[in-house]
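So that you can map any letter, position 18 of the sequence shown is 18 in our numbering, and since no number is skipped, the others follow by simple counting.
The structure under discussion appears below in the form of structure tokens.
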Amino acid sequence: MAVYEFELERVIAAPIEAVFDRLADIEGHHDWMPHKRTIFRATEQTSPGPPRRGTTYVDRTSVGSTPGEIAVFERPTRLVYHWWEPWRGRIIAEGWPGYELTDAGDGTTRVRHTARLQVRGTRQLAMPVYRVLAKRERTTTLEALQASFAQEQ
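Shown next, in the form of structure tokens:
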């Protein structure tokens with residue numbers, strides 16, 4: 001199994017609760033996530049009720065659909081998603097994009113974004129591609145989050 005981990009950090013010009021709520025609103029991702037320079041197309045919540053630990057979803061991307069769930073939901077400081085890529089009854093890749101939020105003062109929030117990616121079987125040969133995609137997608141997500149609040153000011 002091949003594993004890739006990295007972290008990014010940004011300061012967002014918004015209160016911690018607002019940042020957490022935007023990240024946790026699965027179907028709202030479509031409103032602020034970019035659709036250029038990214039594989040993201042849409043996200044759909046597949047379980048009823050407001051987002052919480054165990055809430056399920058499907059990410060639709062230019063390379064297919066991946067199911068997932070909210071693995072950690074500690075409002076307003078910690079949120080971790082878990083997605084997996086099934087193939088022939090097995091999971092060949094999975095990831096844990098997570099967010100740790102701290103109040104940075106003056107109405108701003110420090111977002112520490114961590115990502116863990118695991119690839120199994122012959123997909124390990126594609127790990128260099130997964131690494132590039134993961135870093136680009138996660139960076140694009142943080143930049144889009146930051147820009148979404150900047151537009152509101």
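A virtual CB, placed ideally from N, CA and C, is assigned to each residue, including glycine.
Here the C-alpha atom of alanine 2 lies approximately 29 Å from the C-alpha atom of leucine 145.
When only Cα atoms are considered, arginine 136 and threonine 61 end up about 14 Å apart. Sequence-distant Cβ neighbours of histidine 35 in its own chain, meaning closer than 6 Å and more than five residues away, do not exist here.
Closest by C-alpha distance to phenylalanine 40, out of Gly89, Glu94, His30, is His30.
Excluding residues up to 5 positions away in sequence, Leu8 lie with their Cβ nearer than 8 Å to the Cβ of threonine 139 in the same chain.
Per DSSP, the unbroken beta strand (DSSP E) holding glutamine 45 starts and ends at 40–45.
In the three-state reduction of the DSSP assignment, histidine 29 falls in the helix class.
Rounded to the nearest angstrom, the gap between the Cα atoms of arginine 10 and threonine 141 is 11 Å. Every unbroken stretch of the beta strand (DSSP E) spanning 3 or more residues and falling wholly within the stretch 61–120 is given here in chain order: 64–74, 78–87, 90–105, 108–119. Comparing alpha-carbon positions, the option among Ala71, Glu85, Arg53, Phe73 lying closest to glycine 64 turns out to be Glu85. The count of Cβ pairs closer than 8 Å, one atom from the stretch 87–102 and one from the stretch 52–59, stays below three, leaving the stretches out of contact.
When DSSP reads this structure, alanine 2 sits in a beta bridge with Val119. If you compare the alpha carbons of Asp25, Leu117, Arg37, Phe20 with that of threonine 46, the shortest gap goes to Asp25. Rounded to the nearest angstrom, the Cβ distance from tyrosine 99 to leucine 117 is 16 Å, too far for a contact under 8 Å.
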